[in-house]
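Participant:
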Amino acid sequence: MNAIVTMDALTVDTGVRDLRAADHLLHTLAAELALPEDAFGCTHLVRGDRPRVALSLAFPSEPLLRTAQERLTARGYEVTPGVPDPMGRAVLYPGVSSLTGTLTIAELLSRSAIARVTVLGSPGQPAPDTELVTRDHVRPHWHDGELVLTAMPAVGGTLVPFEVPDPTPCCADH
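Note that the sequence shown ends on residue 225 in this note's numbering; no numbers are left out.
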């Protein structure tokens, strides 16, 4: 079962419409709520008549959840129990602050809650000594109850996370 689902979790609907703003808001909320290192903060794309990015926060204990729920509700956010879906994109998770610079896959896995790494176009997992250039932006997704980082090949036999830190907006040159 998905670890984030088994923790005490809540969904925060802030009306944010893009991932960069949602990431920034998650970091702001984590600081304001003094979230512990073992909390999770994820983004979830909500489709339909009002597309947006919902946030989920998962806590190691129920009292932390209650406090966060009270503070977020007082700020005017729509807060509901649980997570919107099991496929969240993790922004805050145990070990994320140590994933900077260039790391081996073994270091990435031992330092964080990420369970495995997949490489686009490759059937297997990368060797433990393969280097990953993090670009200080590592956003794994929940998949079958595990945090999985998708990477892609880069220069010199290294890997980089699939998600880039500063994507070029669509039609930026128009």
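Note that the Cβ used here is the ideal one computed from N, Cα and C, for glycine as well.
#1: Quick test of your reading: residue 167 and residue 197, contact by CB under 8 Å. State the CB separation rounded to the nearest angstrom.
#2: Report, in whole angstroms, the separation of the C-beta atoms of residue 153 and residue 187, which I expect to be a contact under 8 Å.
#3: Could you work out which residue in 97, 100, 210, 143 is closest to residue 109 when comparing CA atoms only?
#4: Three or more C-beta pairs closer than 8 Å, one from the segment 119 to 138 and one from the segment 57 to 71: is that the case here?
#5: Anyone know if the C-beta pair for residue 170 and residue 177 falls short of 7 Å?
#6: Is the beta carbon of residue 182 sitting closer than 7 Å to the one on residue 201?
#7: How far does the alpha helix (DSSP H) with residue 124 in it reach, from first residue to last?
#8: Just tell me which of 160, 195, 126 has its CA closest to the CA of residue 139.
#9: Please report the distance separating the alpha-carbon of residue 124 from that of residue 104.
#10: For residue 147, collect the residues of the same chain with a Cβ closer than 7 Å to its Cβ; drop the 5 residues on either side in sequence, then sort them by chain order.
Facilitator: If we stick to the structure as given:
#1: 6 Å
#2: About 11 Å; that fails the 8 Å criterion.
#3: 143
#4: yes
#5: yes
#6: no
#7: 113 to 125
#8: 195
#9: 18 Å
#10: 163, 189
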